[in-house]
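Protein chains in written order, with this note's numbering: chain A, 173 to 338; chain B, 173 to 338; chain C, 173 to 338; chain D, 173 to 338; chain E, 173 to 338; chain F, 173 to 338.
Every residue, glycine too, gets a C-beta built ideally from N, C-alpha and C.
Worksheet: one structure, shown below.
Protein chains: 6
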Amino acid sequence: MSKLTHLNESGQAEMVDVTAKAVTERVAVAEATVTMQPATLKLIIEGGHKKGDVFTVAKIAGVQAAKQCANLIPLCHPLMLTSIKVDLQADEANNRVIIQSVCKLAGQTGVEMEALTAASVAALTIYDMCKAVDKTMVIGDIQILEKLGGKSGHWRAESVVEGSRG
Amino acid sequence: MSKLTHLNESGQAEMVDVTAKAVTERVAVAEATVTMQPATLKLIIEGGHKKGDVFTVAKIAGVQAAKQCANLIPLCHPLMLTSIKVDLQADEANNRVIIQSVCKLAGQTGVEMEALTAASVAALTIYDMCKAVDKTMVIGDIQILEKLGGKSGHWRAESVVEGSRG
Amino acid sequence: MSKLTHLNESGQAEMVDVTAKAVTERVAVAEATVTMQPATLKLIIEGGHKKGDVFTVAKIAGVQAAKQCANLIPLCHPLMLTSIKVDLQADEANNRVIIQSVCKLAGQTGVEMEALTAASVAALTIYDMCKAVDKTMVIGDIQILEKLGGKSGHWRAESVVEGSRG
Amino acid sequence: MSKLTHLNESGQAEMVDVTAKAVTERVAVAEATVTMQPATLKLIIEGGHKKGDVFTVAKIAGVQAAKQCANLIPLCHPLMLTSIKVDLQADEANNRVIIQSVCKLAGQTGVEMEALTAASVAALTIYDMCKAVDKTMVIGDIQILEKLGGKSGHWRAESVVEGSRG
Amino acid sequence: MSKLTHLNESGQAEMVDVTAKAVTERVAVAEATVTMQPATLKLIIEGGHKKGDVFTVAKIAGVQAAKQCANLIPLCHPLMLTSIKVDLQADEANNRVIIQSVCKLAGQTGVEMEALTAASVAALTIYDMCKAVDKTMVIGDIQILEKLGGKSGHWRAESVVEGSRG
Amino acid sequence: MSKLTHLNESGQAEMVDVTAKAVTERVAVAEATVTMQPATLKLIIEGGHKKGDVFTVAKIAGVQAAKQCANLIPLCHPLMLTSIKVDLQADEANNRVIIQSVCKLAGQTGVEMEALTAASVAALTIYDMCKAVDKTMVIGDIQILEKLGGKSGHWRAESVVEGSRG
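This is the structure:
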């Protein structure tokens with residue numbers, strides 16, 4: 173296993189120098205979930221317009237957070253994303269909301285952190301809008317599902333490869 | 173179960189008006205974990221100064237994110253936190269890093285979102301610094317462990333009440 | 173007519189010192205409109221969920237902008253708003269969207285700029301979402317309708333006083 | 173008339189994916205006005221240095237706001253503007269200040285929103301500096317006068333084409 | 173000499189908890205200088221309006237930076253300054269620009285960092301506007317001249333006490 | 173000596189239009205120092221982990237500030253840095269901390285301001301963490317040591333050319 177790329181030889185934190193890296197198209201797909209009480213999920217779902225509203229607020233928060241990624245994560249490079257998508261679905265069977273985000277750009281570094289940040293902040297926004305009725309929510313499953321571009325090419329998480337994910 | 177506080181009567185998203193609420197001391201304790209391969213955790217731990225560095229970067233990112241909470245979560249109120257603490261521990265038995273954050277202020281609204289945002293962004297920072305060596309990390313367990321102040325007084329998550337948590 | 177409060181005696185720009193001003197409850201109501209082609213307005217209105225979405229995005233943008241007011245307007249004081257509301261309505265008779273915003277806090281300075289900023293940015297967001305189908309939109313009528321608190325007490329714009337406004 | 177580009181097929185808000193769009197030089201010229209009482213405009217104008225100061229503060233606010241555009245307007249792409257100009261003129265015949273902004277870059281999306289944001293925030297800054305002496309100011313006429321680049325090529329507002337504008 | 177307040181007992185960086193501290197009026201006066209070639213200073217000074225402009229841009233940058241202090245300095249508390257003043261003077265005898273900033277608020281922590289940040293960023297702005305004609309400028313003398321409020325009461329730098337400063 | 177590039181012909185502040193400038197690789201190296209009492213420097217140095225922590229916090233603050241440069245310095249262009257490095261050293265012989273920063277990108281404008289901002293904010297962060305034990309610290313020597321790229325090619329400060337600097 174290789175060294176941590178963000179520590180220099182004397183063990184200090186450092187941004188990776190990407191000046192000489194090739195520009196390639198980069199895509200990253202990330203996921204997050206918010207698990208809640210069944211009654212909380214029902215409140216989000218019931219009434220078409222209400223659902224739209226809660227999910228739209230979370231989606232916008234996720235999109236805006238992706239743009240702030242380099243200001244939040246100290247060693248991330250500033251990037252100009254050409255596409256940010258955040259989708260939310262109610263998963264009633266498992267009492268949770270599933271959030272998927274996709275970020276893209278043609279650039280010198282990957283966009284995993286942008287996608288993860290979008291999914292995380294969308295999840296936090298769901299939490300915020302429901303916390304007055306449910307103190308026991310848990311945000312989890314924040315992970316990369318798929319990435320394209322850069323040295324490692326096309327990579328998919330095992331759960332995606334196995335098709336265990338809808 | 174009550175209505176969602178962030179939707180008005182016609183179902184539209186709205187910030188809660190806290191103008192008339194009393195100022196009380198508020199504390200919130202939140203948690204997040206980053207689960208990784210054993211070899212990744214070992215890279216973080218080995219060498220005293222290296223560990224300090226990775227954890228210090230994540231801690232600083234968490235503290236800075238707490239201050240940005242109202243800019244990230246659309247319906248959060250701007251707040252002036254009087255204390256933000258972020259602590260990280262390597263939990264080798266479970267191949268993960270555990271992050272705990274504590275936010276405080278004397279104010280009109282709770283600080284749960286600030287504590288959750290601090291823990292989430294600290295976790296994302298750990299992820300960023302290790303992602304080149306481990307694509308399978310998962311961030312999870314983002315939740316409130318304890319809160320003080322406001323209408324609901326002192327509240328603790330069940331895992332805390334039962335003492336199942338160190 | 174008095175001097176400009178933001179110029180000191182030698183004519184240079186300066187933030188007003190409010191350290192010694194009393195804390196009173198402040199409210200400001202602002203308005204903005206986006207005038208567009210009838211077909212553009214129809215696209216926004218048709219379909220309940222679509223309308224919700226465009227208006228929700230603009231509303232969230234307005235709320236977030238109010239919090240950024242002191243970072244946008246150089247001589248504004250940083251404030252902790254306790255309530256921000258942004259409402260949008262389609263005014264088909266006049267081919268326009270009407271935006272009203274209300275900001276509140278208990279503080280030492282008024283919140284007019286926060287309300288005006290919320291209304292302006294909500295209008296710009298409507299513009300952004302429709303600009304691909306309509307290049308001739310015009311944003312206008314950005315003004316204060318009513319304010320409460322501070323030295324000048326309760327003030328209403330003439331159009332509000334005369335009841336010429338619904 | 174085409175669909176709204178910022179709504180996907182199920183009517184939800186979405187950033188437009190510009191990954192595959194060509195990089196061309198983009199220019200946008202926007203305008204805004206602040207109409208005020210004659211005595212207010214006189215206070216701004218009288219004394220060379222004073223005028224310079226009020227207009228310089230507004231100009232700087234406009235330039236800084238253009239850079240913040242993607243953080244204010246949720247579905248705007250982050251851009252790296254190569255030029256931002258904001259000019260202000262006193263139009264005594266009509267008791268108003270006229271603001272014109274020009275934004276440029278070589279990129280994949282237009283810069284109309286950046287130019288409109290610059291003009292709007294410069295107008296709000298004028299408002300802020302004069303509001304203590306004039307509560308009846310109105311910001312209006314926020315519109316695109318001209319744009320260059322992208323699919324629609326060179327476009328000018330009718331008032332510009334007709335030469336009705338100085 | 174006491175311990176560093178920003179390191180906890182195990183030597184890790186930590187924000188100081190000010191929840192229990194008394195609210196008192198706080199003032200801090202800071203200074204910075206930009207030393208340059210005589211010809212550069214002359215370019216700034218000559219022509220009344222030009223001087224106004226360069227100094228006004230730097231002043232506005234300083235005021236805006238003071239508001240951003242807690243976002244720039246990781247362990248600073250977010251504060252709501254009630255007054256920020258930045259003054260610039262050409263000191264021809266010593267080929268430099270002298271910047272003084274004053275920040276105020278009634279709060280639980282001092283405002284030294286806000287005043288120092290205002291002076292530093294005003295100095296950087298002067299540097300930016302002159303760097304094309306002078307690569308040898310040096311920013312220095314960034315220090316606190318005077319502070320009021322808090323546990324240490326009224327404190328003045330020795331140079332101020334001795335009256336060696338105009 | 174040439175004109176100030178940031179003033180237009182009528183003496184008003186203006187961003188330089190770099191739309192037509194060539195993209196070349198740019199590097200800038202900047203420096204800053206924090207001079208303090210010997211006992212203060214000793215507190216920073218003593219204990220390996222403590223030193224790491226103070227310096228790591230300052231380093232992260234510097235890296236994050238470089239990304240914020242265009243938001244702090246009004247007439248700077250937004251840039252996407254591909255590398256930001258900040259190094260800190262205790263210079264016991266002279267009772268000070270020396271900070272060096274290096275910024276890089278392939279772009280149309282130089283990165284001096286980014287490097288200077290990184291060094292300045294790292295210095296301010298050192299100041300913040302030590303100010304409770306030492307009110308007499310002074311930040312100085314903020315200057316460009318070396319730059320590469322653009323019209324002026326490779327430039328080094330005289331102190332670097334003469335080798336008087338380690």
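{"Check": "Which two residues bound the contiguous beta strand (DSSP E) that contains D:T207?", "Outcome": "196-207"}
{"Check": "Taking a cut of 7 Å between CB atoms, which residues from the region 302-323 of chain D lie near chain A?", "Outcome": "none"}
{"Check": "In angstroms, rounded to a whole number, what distance separates the CA positions of C:V343 and C:V283?", "Outcome": "Nothing about residue 343 of chain C can be read from this structure; chain C reaches only from 173 to 338."}
{"Check": "Does any CB atom of chain B fall closer than 8 Å to the CB of E:E181?", "Outcome": "no"}
{"Check": "Leaving out five residues before and five after F:L213 in sequence, what residues of the same chain have Cβ atoms less than 8 Å from its Cβ?", "Outcome": "A262, E264, N267, R268, V269"}
{"Check": "Start and end of the alpha helix (DSSP H) containing C:E330?", "Outcome": "330-333"}
{"Check": "Going by other Cβ atoms of all chains shown within 10 Å of its Cβ, with 16 needed for buried, is C:G325 buried or exposed?", "Outcome": "exposed"}
{"Check": "Should B:V199 be flagged as near chain A, meaning a C-beta pair shorter than 8 Å?", "Outcome": "no"}
{"Check": "Give a yes or no on whether 8 Å exceeds the smallest Cβ distance from D:T297 to chain F.", "Outcome": "no"}
{"Check": "Assess contact between the region 191-200 of chain A and the region 276-295 of chain A, defined as three or more Cβ pairs (one per stretch) separated by less than 8 Å. Is contact present?", "Outcome": "yes"}
{"Check": "Given that a residue counts as buried once 16 or more other Cβ atoms are within 10 Å of its Cβ, and exposed if not, what is B:S182?", "Outcome": "exposed"}
{"Check": "Identify every run of the beta strand (DSSP E) within the region 266-318 of chain A, keeping only runs that are complete inside it and at least 3 residues long; order them along the chain.", "Outcome": "268-279"}
{"Check": "Which word fits B:G321, buried or exposed, when buried means at least 16 other C-beta atoms lie within 10 angstroms of its C-beta?", "Outcome": "buried"}
{"Check": "Which of helix, strand or coil does DSSP assign to F:Q184?", "Outcome": "coil"}
{"Check": "List the whole-angstrom C-beta distance separating E:V229 from F:L244, where the pair is believed to meet the contact cut-off of C-beta under 8 Å.", "Outcome": "Contact doesn't hold; Cβ gap of about 12 Å is too wide."}
{"Check": "Ordered along the chain, which non-local residues of its own chain (more than five positions away) have a Cβ less than 6 Å from that of A:M301?", "Outcome": "V226"}
{"Check": "For the alpha helix (DSSP H) containing B:I216, list its first residue and its last residue.", "Outcome": "210-217"}
{"Check": "Name the residue from B:I216, B:K193, B:K276, B:L176 whose alpha carbon lies nearest to the alpha carbon of B:T254.", "Outcome": "B:K276"}
{"Check": "Within its chain, find whatever has a CB closer than 8 Å to the CB of D:V195; leave out the 5 residues flanking it on each side and keep chain order.", "Outcome": "A278, G279, Q280"}
{"Check": "Would you identify the three-state DSSP class for E:Q261, choosing helix, strand or coil?", "Outcome": "strand"}
{"Check": "Got a sec? Which residues, its chain only, sit under 8 Å from C:D259 by beta carbon, not counting five neighbours each side?", "Outcome": "K231, I271, Q272, S273"}
{"Check": "Along the region 204-237 of chain B, where does the CB come closer than 9 Å to a CB of chain C? Name the residues.", "Outcome": "none"}
{"Check": "So, is the C-beta of C:M252 closer than 8 Å to a C-beta in chain B?", "Outcome": "yes"}
{"Check": "Alpha carbon to alpha carbon, what distance is there between C:C241 and C:Y299?", "Outcome": "20 Å"}
{"Check": "Pull up the distance between the alpha-carbon of B:A233 and that of C:A329, whole angstroms please.", "Outcome": "46 Å"}
{"Check": "Is the beta carbon of B:P246 closer than 8 Å to that of C:Q315?", "Outcome": "no"}
{"Check": "Go ahead and pull the three-state DSSP assignment for C:I232.", "Outcome": "helix"}
{"Check": "Quick one: is the Cβ of E:I216 within less than 7 Å of any heavy atom of the ligand HEM?", "Outcome": "What this structure holds is no ligand at all, so the ligand HEM is not there to describe."}
{"Check": "On the DSSP bridge assignment, give the partners of E:S255 in chain order.", "Outcome": "E:K276"}
{"Check": "Return the residue from the list E:K257, E:A304, E:P250 that minimises the CA-CA distance to F:K319.", "Outcome": "E:A304"}
{"Check": "Does the beta-carbon of D:G312 have 16 or more other beta-carbons within 10 angstroms, so that it is buried, or is it exposed?", "Outcome": "buried"}
{"Check": "So which residues of chain B does A:E284 contact, with C-beta pairs closer than 9 Å?", "Outcome": "Y299, D300, K303, K307"}
{"Check": "Between F:A291, F:G335, F:M187, F:D306, which lies nearest to F:A204 when the distance is taken from Cα to Cα?", "Outcome": "F:A291"}
{"Check": "How would you call F:K323, buried or exposed, if buried means at least 16 neighbouring beta carbons within 10 angstroms?", "Outcome": "exposed"}
{"Check": "Provide the residue(s) that pair with D:L179 in DSSP beta bridges, ordered along the chain.", "Outcome": "D:A185"}
{"Check": "Let me check understanding here. Comparing Cα to Cα, which of A:H249, A:C248, A:K239 lies closest to D:L251?", "Outcome": "A:K239"}
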